[in-house]
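Trainee:
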Amino acid sequence: MQPIRLLLVDDEEEFVKTLAERIRMRGLDAHFAVDGKSALAMIETETPHVMVLDLKMPGMDGKAVLRQVKADHSEIQVLILTGHGSEKEAEETLRMGAFDYLQKPVDIDTLIAHIRKAYRNWTEKDCQQGS
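Heads up, the sequence shown stops at 135 in the working numbering, and the numbers go up one at a time, no gaps.
1) Indicate the three-state DSSP secondary structure (helix, strand or coil) for Ile84 in the structure shown.
2) Can Glu16 be considered in contact with the ligand SAM, in the sense that its beta carbon sits closer than 7 Å to one or more heavy atoms?
3) Grab the span of the beta strand (DSSP E) containing Met55 for me, first residue to last.
4) At what residues does the beta strand (DSSP E) containing Ala34 begin and finish?
5) Use the C-beta contact count for Arg9: other C-beta atoms within 10 angstroms, 16 or more gives buried, fewer gives exposed.
6) By alpha-carbon positions, which one of Ile47, Ala45, Leu44 and Gly40 ends up nearest to Asp58?
7) According to DSSP, what are the bridge partners of Tyr105?
8) Of the choices Pro109, Glu48 and Gly31, whose alpha-carbon is the least far from that of Leu85?
9) Would the segment 107 to 124 count as touching the segment 35 to 49 if we require 3 or more Cβ pairs under 8 Å?
10) Report the three-state DSSP secondary structure of Arg30 (helix, strand or coil).
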């Protein structure tokens, strides 16, 4: 089985670097971007199965990234991971096509479990499209 390709998007560089390292140690193929435009450029060269996306970023915010990802690559499963969220924002991003919505801080094992669940959803969608 291929490793889960994961793209982490967060403007807090040290946080996202450390998170990517911790996730790699658990066998996932984790890459990261520190802004929305870089993330969108990265998915054009290697499409991830799952994206973990922060909402509050300078320049292009997480909602704009989510909107673009869902328009161009609807198969990518997007998990919102934010420290500044609300119930209203959770409902809005889920309506926009996010797979799940999590609040920081999140336990690494909880995050991995949600990533694996999103990947299973990607696999099911991929199989349905291929049949």
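Cβ atoms here follow ideal geometry from the backbone N, Cα and C, with glycine treated the same way. Keep in mind it's a predicted model, so treat the numbers as computed, not measured.
Mentor: In brief:
1) The residue you call residue 84 lines up with position 80 of the sequence shown. The answer is strand: DSSP assigns Ile84 an E or B state.
2) By its list of ligands, the structure shown contains no ligand whatsoever, and the ligand SAM lies outside what it can speak to.
3) By one-based count along the sequence shown, residue 55 stands at place 51. Run containing Met55: Val54 to Leu57, per the beta strand (DSSP E) assignment.
4) In the sequence shown, counting from the first residue as 1, residue 34 sits at position 30. Per DSSP, Ala34 belongs to the beta strand (DSSP E) from Asp33 to Ala37.
5) Numbered from its first residue, the sequence shown carries residue 9 at position 5. Counting Cβ neighbours within 10 Å, Arg9 comes out buried, since at least 16 surround it.
6) Taking the sequence shown and counting its residues from 1, the one referred to as residue 58 is at position 54. Nearest C-alpha to Asp58: Gly40.
7) To locate residue 105, count along the sequence shown from 1; it is residue 101. Looking at the DSSP output, Tyr105 bridges to Ile84.
8) Within the sequence shown, residue 85 is the residue found at index 81, counting from 1. Taking only the C-alpha atoms, the option nearest Leu85 is Pro109.
9) no
10) Working through the sequence shown from its first residue, we reach residue 30 at position 26. In the structure shown, Arg30 sits in coil (DSSP, three-state: anything other than H, G, I, E or B).
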